[in-house]
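Engineer: Mapping of the sequence shown onto mature numbering (1 follows the signal peptide of the UniProt record, and there is no 0): residues -24 to -1, 1 to 318, in sequence order.
Heads up, the beta-carbon is just placed ideally off N, CA and C, and yes, glycines get one too.
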Amino acid sequence: MANLCIPWFLLLQFLILLGLECEAEVPAIIVFGDSSVDAGNNNQIPTILRSDFEPYGRDYVGGQPTGRFSNGRIPTDFISEAFGLRPIVPAYLDPMYNISDFAIGVTFASAGSGYDNATSDVLSVIPLWKELEYYKTYQTKLRAYLGDQKANETLTEALYVMSMGTNDFLENYYTMNERRSQYNIDQYQSFLIRIARNFIMSLYKLGARKVSLGGLPPMGCLPLERTTNFQDGNKCMKSYNTVAMAFNDKLNGLVVELNEELPGIKVVMSNPYYILLQITKKPSLYGFDEAAVACCGTGMFEMGYACDRINPFTCTDANKFVFWDSFHPTEKTNQLIVHIKN
Ligand SMILES: *[C@@H]1O[C@H](CO)[C@@H](O)[C@H](O)[C@H]1NC(C)=O
Ligand SMILES: *[C@@H]1O[C@H](CO)[C@@H](O)[C@H](O)[C@H]1NC(C)=O
Ligand SMILES: *[C@@H]1O[C@H](CO)[C@@H](O)[C@H](O)[C@H]1NC(C)=O
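1) Which value, in whole angstroms, describes the spacing of the CA atoms of phenylalanine 277 and serine 46?
2) Confirm, please, whether the CB-CB distance from arginine 49 to proline 31 is below 9 Å.
3) Taking 8 Å as the cut-off, is the C-beta of asparagine 93 nearer than that to any heavy atom in ligand 2?
4) For residue 333, does the three-state DSSP call read helix, strand or coil?
5) Given the structure, does isoleucine 80 come close to ligand 1, in the sense that its CB is under 8 Å from one of the ligand's heavy atoms?
6) Tell me whether aspartate 301 sits in a helix, a strand or coil according to DSSP, three-state version.
7) Distance check for glutamate 237 and phenylalanine 303, CA to CA, integer angstroms please.
8) Do methionine 195 and threonine 204 have their C-beta atoms closer together than 9 Å?
9) Pull up the CB-CB distance for leucine 146 and glycine 88, whole angstroms please, since I reckon it's below 8 Å.
10) Here's the rule: buried if 16 or more other CB atoms are within 10 angstroms of the residue's CB, otherwise exposed. What is serine 56?
11) Considering Cα atoms alone, identify which of Tyr150, Pro51 and Pro22 is closest to aspartate 14.
12) For proline 248, count the other beta carbons within 10 Å of its own beta carbon; 16 or more makes it buried, fewer makes it exposed. Which is it?
13) By Cβ distance, which residues of its chain are closer than 7 Å to threonine 132, with the 5 residues on each side in sequence left out?
14) Return yes when the Cβ of glycine 141 is within less than 9 Å of the Cβ of glycine 191, no when it is not.
15) I need the DSSP call for glycine 275, collapsed to helix, strand or coil.
16) Quick one: does the C-beta of tyrosine 121 sit closer than 8 Å to a heavy atom of ligand 1?
17) Rounded to the nearest angstrom, how far is the Cβ of leucine 189 from that of methionine 221, given a contact under 8 Å?
18) Flag this pair as yes or no: are the beta carbons of aspartate 10 and serine 76 separated by less than 9 Å?
19) Counting C-beta neighbours from all protein chains within 10 Å, is the total for threonine 290 16 or more, i.e. buried, or is it exposed?
20) Strictly closer than 5 Å from CB to any heavy atom of ligand 3: give me those residues in the order they appear in the chain.
21) Assign phenylalanine 206 to one of two classes, buried (16 or more other C-beta atoms within 10 Å of its C-beta) or exposed (fewer than that).
22) DSSP state of lysine 106, grouped into three classes?
23) Have a look at the DSSP bridge pairing and note the partners of isoleucine 24.
24) Counting only the same chain and skipping the five closest in sequence on each side, list residues whose C-beta sits under 7 Å from that of glutamate -4.
25) Which residue wins for smallest C-alpha separation from leucine 179, given the options Glu107, Gly38 and Asp35?
26) Between which two residues does the beta strand (DSSP E) carrying leucine 135 extend?
27) How is glycine -6 classed by DSSP in three states: helix, strand or coil?
28) Among Gly81, Glu307 and Leu312, which one has its Cα closest to the Cα of glutamine 254?
29) Give a single yes or no on whether isoleucine 169 has its beta carbon closer than 8 Å to a heavy atom of ligand 2.
30) If you run the structure through DSSP and keep just helix, strand and coil, what is lysine 308?
31) Identify, in the order they occur along the chain, each residue of the same chain with its Cβ nearer than 6 Å to the Cβ of glycine 240, setting aside the five sequence neighbours on each side.
32) Would you say aspartate 70 touches ligand 1, meaning its beta carbon is less than 8 Å from a heavy atom?
33) Which residue wins for smallest C-alpha separation from asparagine 148, given the options Thr95, Tyr110, Phe167 and Tyr136?
34) Does the distance between the C-beta of proline 22 and the nearest non-hydrogen atom of ligand 2 fall short of 8 Å?
35) From this set, Asn128, Met245, Ile161 and Gly273, which residue's C-alpha is nearest threonine 218's C-alpha?
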């Protein structure tokens, strides 16, 4: 029987529009990055950047705080579900899961991490090179679990999702002095792009063939940044958005190059910039009431430990808010950006 099957890269971009799924195409989702895609790795390391307490996870199954920086699921959970896999992608360091779970999806991401080693140092989180080391260990475990041949097939056919970069700018470059004294903003972007390139080359050598490289959001519209712009009526910080767009252009260039250079690879860029900008400019079109401040606490600066259960200002219905805490989208926004990309 003819199976109406569309390629995975189209699926990523037009997921719901087409309403089709190709279950056999992607046997596993393998994730690298920062808090946008961390499902709880930071719970297992000594860092203050955590979210494994209420009200995080308030709208997750069982109201559980898992370490996801949201009230519910994060984008990779929705991607996994849309590919007919599990509705969640578990964290590699989470003791609740083992290789039988990770065989169809795993995230090595760590909140606060970035392309730059100096970024992960700021809050002592897992640097990108170490995410890759974990991935290598995962390969060994997967081969032991599935057998060499099946494991190799899974590793080749899997979708590799990378989502990071915001922290390199906001937590590191614009906050700490070191990188700013070494590089101007354009040079720093190129420095990050070289790291992204090397990372994808390493993944390729290890067998990866399908890679989704995540672009930056309109960083200047994160509530935390808008709060610092209070003299200007909490508008989005234009300068940060400009940086995000410039970086996304460079990422796009990298994607084109890698597809030419590496035989058999397919790299796509998942750019959440325009859809997120549109949502923050016209929240009511998407059923939201509020985009400038977040649900948690006053919505102006709280995240991590500052976003706690007893804060009397926390909103009752997170679905009315674009942002859950001052840096991270609500589950509803996460679902939207997966389902209406670009
Ligand atoms: C993984 O965990 C499940 C449930 O806890 C257990 O039944 C299974 O044997 C474990 N698998 C491996 C390969 O350790
Ligand atoms: C980051 O640190 C790792 C481990 O020390 C090192 O191997 C790697 O070269 C560093 N990356 C960059 C871009 O400096
Ligand atoms: C699986 O991949 C590894 C690493 O590329 C390779 O050494 C091994 O021969 C492969 N095994 C099979 C059965 O394809």
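Structural biologist: Put simply:
1) C-alpha separation (whole angstroms): 15 Å.
2) no
3) yes
4) The structure shown does not extend to residue 333, since the chain spans only -24 to 318, so no value can be given for it.
5) no
6) strand
7) 36 Å
8) no
9) Not a contact, Cβ separation roughly 11 Å.
10) buried
11) Distance from the Cα of aspartate 14 is smallest, within the candidate group Tyr150, Pro51 and Pro22, for Pro51.
12) buried
13) Gly183 and Arg185
14) yes
15) coil
16) yes
17) About 16 Å; that fails the 8 Å criterion.
18) no
19) buried
20) Applying a distance threshold of 5 Å between residue Cβ atoms and the heavy atoms of ligand 3 selects Asp124, Gln125 and Asn128, given in chain order.
21) exposed
22) helix
23) Its beta-bridge partners do not exist; DSSP assigns none.
24) Only weak support is given to the placement of glutamate -4: the predicted model assigns it a pLDDT of 47, under 50, and the value that follows is read from those uncertain coordinates. Correct list, in chain order: Ala58, Phe59 and Gly60.
25) Out of Glu107, Gly38 and Asp35, Glu107 has the C-alpha closest to the C-alpha of leucine 179.
26) 135 to 139
27) Any reading at glycine -6 must be qualified, since the residue scores a pLDDT of 41, below 50, and its modelled position is unreliable; no value is offered.
28) Leu312
29) no
30) helix
31) Arg185
32) no
33) Thr95
34) no
35) Ile161
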